[in-house]
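Enquirer: Top to bottom, those sequences are chains A and B. So in the numbering used here, the last spot in the first sequence is 132, and the numbers never skip. So in the numbering used here, the last spot in the second sequence is 132, and the numbers never skip. Take this structure, written in structure tokens, and hold onto it; I'll ask about it next.
2 protein chains.
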Amino acid sequence: MQKEHSLSKNQKIIFDLIDKSGGPMKAYSILFNVQKKGIKAPLQVYRALDKLVEIGKIHKIESRNAFIACQNSSCQVSKATAFSICESCENVSEISNSKLLKYLSSFSDNSGMKYSKYNLEFFGLCKKCKSK
Amino acid sequence: MQKEHSLSKNQKIIFDLIDKSGGPMKAYSILFNVQKKGIKAPLQVYRALDKLVEIGKIHKIESRNAFIACQNSSCQVSKATAFSICESCENVSEISNSKLLKYLSSFSDNSGMKYSKYNLEFFGLCKKCKSK
DNA sequence: TAACGTTATGTAATAATATAACATTTATAA
DNA sequence: TTATAAATGTTATATTATTACATAACGTTA
Ligand SMILES: [Zn+2]
Ligand SMILES: [Zn+2]
Ligand SMILES: [Zn+2]
Ligand SMILES: [Zn+2]
Numbered sequence: 001m002q003k004e005h006s007l008s009k010n011q012k013i014i015f016d017l018i019d020k021s022g023g024p025m026k027a028y029s030i031l032f033n034v035q036k037k038g039i040k041a042p043l044q045v046y047r048a049l050d051k052l053v054e055i056g057k058i059h060k061i062e063s064r065n066a067f068i069a070c071q072n073s074s075c076q077v078s079k080a081t082a083f084s085i086c087e088s089c090e091n092v093s094e095i096s097n098s099k100l101l102k103y104l105s106s107f108s109d110n111s112g113m114k115y116s117k118y119n120l121e122f123f124g125l126c127k128k129c130k131s132k
Numbered sequence: 001m002q003k004e005h006s007l008s009k010n011q012k013i014i015f016d017l018i019d020k021s022g023g024p025m026k027a028y029s030i031l032f033n034v035q036k037k038g039i040k041a042p043l044q045v046y047r048a049l050d051k052l053v054e055i056g057k058i059h060k061i062e063s064r065n066a067f068i069a070c071q072n073s074s075c076q077v078s079k080a081t082a083f084s085i086c087e088s089c090e091n092v093s094e095i096s097n098s099k100l101l102k103y104l105s106s107f108s109d110n111s112g113m114k115y116s117k118y119n120l121e122f123f124g125l126c127k128k129c130k131s132k
């Protein structure tokens with residue numbers, strides 16, 4: 001069982017926004033959206049994002065500089081993430097294929113590296129965009 | 001056999017720099033280093049980088065906003081990339097494990113997505129940093 | 001409670017990364 | 001050669017992220 005992190009005020013505001021949006025959000029778009037709630041500066045947003053990433057409530061989509069709520073409640077606190085990204089409509093979803101996640105989590109090679117984390121991003125066309 | 005792309009002047013200058021550096025380089029560090037060769041503006045660098053990425057001569061390390069020369073001559077023109085990144089010394093190397101690359105290239109799930117590309121980044125500690 | 005360390009917040013300034021817009025030149029090829 | 005695509009040059013600007021410093025809230029335990 002995982003420790004339940006109680007979010008601070010700013011963290012909660014920002015998590016709720018991202019979570020409700022249902023997709024990836026960019027930092028300055030988040031900022032714009034929470035200004036009415038008193039969050040006025042980029043740093044306030046980035047600090048909350050950093051913390052939310054750290055505790056695994058959100059993930060950063062590195063190729064898009066965007067943040068998405070964890071769609072996988074059992075996600076190993078940001079240590080093992082995989083996403084599929086539609087290059088046409090920019091829809092993003094978290095992959096929860098346990099075989100894949102297991103395969104990657106146990107990956108090792110002869111480089112001497114000790115892996116503790118990974119991030120995988122698949123790109124392609126979603127169902128909708130394929131059929132256009 | 002792959003088409004041999006002949007690089008333009010700027011592309012060659014920038015590729016040679018990255019290649020010789022042996023590791024990842026950031027765009028503005030590249031810019032600084034090529035100013036003596038007449039490349040004066042960020043856009044000149046980014047354009048060359050875009051092209052070099054497109055033809056698979058370099059790859060972008062998304063989590064670091066940095067660019068590294070392809071260390072894997074048979075790399076499928078940027079369609080399938082995997083890296084290991086030391087979180088302590090920031091050493092980056094391209095993974096060429098054919099089993100892994102094959103596994104990922106053939107990955108598909110029931111999401112309806114048609115995957116055409118992926119990027120994987122492993123994080124951990126390299127041999128050196130582990131033993132410190 | 002009081003004191004302490006830790007975490008979170010507020011604010012301003014600035015750094016770092018990347019693109020838009022437009023004019024011109026060079027390479028490729030029908 | 002003439003058209004087309006690719007690359008270059010230049011200025012300005014947009015976007016993403018961090019530094020630095022001051023203050024407040026919170027949790028622990030003396
Ligand atoms: Zn997750
Ligand atoms: Zn789509
Ligand atoms: Zn490569
Ligand atoms: Zn290292």
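A virtual CB, placed ideally from N, CA and C, is assigned to each residue, including glycine.
If you reduce the DSSP assignment to three classes, tell me which class A:E62 lands in.
Expert: Of the three classes helix, strand and coil, the one that applies to A:E62 here is helix, per DSSP.
Enquirer: If you draw a straight line from the C-alpha of B:I95 to the C-alpha of A:K37, how long is it?
Expert: Distance between the alpha carbons of B:I95 and A:K37 is about 45 Å.
Enquirer: Report, in whole angstroms, the separation of the C-beta atoms of B:F107 and B:K57, which I expect to be a contact under 8 Å.
Expert: B:F107 to B:K57, Cβ: 25 Å. No contact.
Enquirer: Between which two residues does the beta strand (DSSP E) harbouring A:N119 extend?
Expert: Here the beta strand (DSSP E) through A:N119 covers K114 to L125.
Enquirer: Thinking C-alpha only, which one of A:K114, A:N110, A:F123 and A:K60 is nearest B:S111?
Expert: The residue with the shortest Cα to Cα distance from B:S111 is A:F123.
Enquirer: The alpha helix (DSSP H) spanning A:F83 covers which residue range?
Expert: Premise fails: A:F83 lies in the beta strand (DSSP E), A80 to C86, not in any alpha helix (DSSP H).
Enquirer: Looking only at its own chain, which residues have a Cβ that is under 6 Å from the Cβ of A:N33, when we skip the five neighbours before and after it?
Expert: Around A:N33: L17.
Enquirer: Could you compute how far the alpha carbon of B:M1 sits from the alpha carbon of B:A69?
Expert: Note that B:M1 has pLDDT 36, beneath the 50 cutoff, so the model's placement of it is unreliable and no number is given.
Enquirer: Would a C-beta distance cut-off of 8 Å place A:M113 and B:C89 closer than the cut-off?
Expert: In this structure, B:C89 does not lie closer than 8 Å to A:M113 by Cβ.
Enquirer: Please list the residues of the segment 100 to 121 of chain A that have a C-beta atom closer than 8 Å to any C-beta atom in chain B, keeping them in chain order.
Expert: Answer in chain order: L100, Y103, L104, F107, D109, S111, G112, M113, K114, Y115, S116, K117, Y118, N119, L120 and E121.
Enquirer: Indicate the three-state DSSP secondary structure (helix, strand or coil) for A:F32 in the structure shown.
Expert: Reduced to three states, the DSSP call for A:F32 is helix.
Enquirer: Sort out for me which residues DSSP pairs B:S69 with in a bridge.
Expert: A quick correction: the sequence has Ala, not Ser, at residue 69 of chain B. According to DSSP, which records beta bridges pairwise, B:A69 is partnered with B:I58.
Enquirer: Which residues in chain A have a C-beta closer than 7 Å to the C-beta of B:N97? List them in chain order.
Expert: What B:N97 touches in chain A: D109.
Enquirer: For the alpha helix (DSSP H) holding B:S105, just list the boundary residues, first then last.
Expert: Taken as a continuous stretch (DSSP letters only), the alpha helix (DSSP H) holding B:S105 covers S98 to S105.
Enquirer: Just verifying my parser: in three-state terms, what is the DSSP assignment at A:S21?
Expert: Note: A:S21 maps to helix in three-state DSSP.
Enquirer: Which two residues bound the contiguous beta strand (DSSP E) that contains B:S93?
Expert: That run of the beta strand (DSSP E) goes V92 to E94.
Enquirer: Distance, Cα to Cα, A:Y28 vs B:S63?
Expert: Distance between the alpha carbons of A:Y28 and B:S63 is about 19 Å.
Enquirer: Output the distance between the C-alpha atoms of A:Q11 and A:K60, rounded to the nearest integer angstrom.
Expert: If you take the alpha carbons of A:Q11 and A:K60, they lie about 15 Å apart.
Enquirer: Of all the options B:L43, B:K79, B:D109 and B:C129, which has the alpha carbon lying nearest to the alpha carbon of B:L101?
Expert: The shortest C-alpha separation from B:L101 is found at B:K79.
Enquirer: My guess is that A:K45 and A:I30 are in contact by the Cβ rule of under 8 Å, so how many angstroms apart are they, rounded?
Expert: Residue identity check: residue 45 of chain A is Val in the sequence provided, not Lys. Indeed they touch by this definition, with Cβ atoms about 5 Å apart.
Enquirer: Would you decide whether A:P24 is buried or exposed? Buried here means 16 or more other CB atoms lie within 10 Å of its CB.
Expert: It is buried - the Cβ of A:P24 has at least 16 other Cβ atoms within 10 Å.
Enquirer: Return yes when the C-beta of B:N72 is under 7 Å from any heavy atom of ligand 5, and no when it is not.
Expert: With respect to ligand 5, the structure offers nothing, as its ligand set consists of ligand 1, ligand 2, ligand 3 and ligand 4.
Enquirer: I want to see whether chain A comes within less than 8 Å of B:L125, judged by CB atoms only; does it?
Expert: Yes, B:L125 counts as interfacial toward chain A.
Enquirer: Please tell me whether A:E62 has its Cβ less than 8 Å away from any Cβ of chain B.
Expert: Yes, because at least one Cβ of chain B sits closer than 8 Å to the Cβ of A:E62.
Enquirer: Please name the residue, chosen from A:C129, A:I55, A:Q71 and A:K117, that lies closest to B:F83 on a Cα-to-Cα basis.
Expert: Among A:C129, A:I55, A:Q71 and A:K117, the Cα nearest to that of B:F83 belongs to A:K117.
Enquirer: Would you say B:K26 reaches chain A, if we count a Cβ-Cβ gap shorter than 8 Å as a contact?
Expert: Taking Cβ atoms only, chain A never reaches closer than 8 Å to B:K26, which makes this a no.
Enquirer: Is A:S131 near ligand 2, in the sense that its beta carbon is under 7 Å from a heavy atom of that ligand?
Expert: No, since every heavy atom of ligand 2 falls outside the 7 Å radius drawn around the Cβ of A:S131.
Enquirer: Ordered along the chain, which non-local residues of its own chain (more than five positions away) have a Cβ less than 8 Å from that of A:R47?
Expert: The answer, listed in chain order, is N10.
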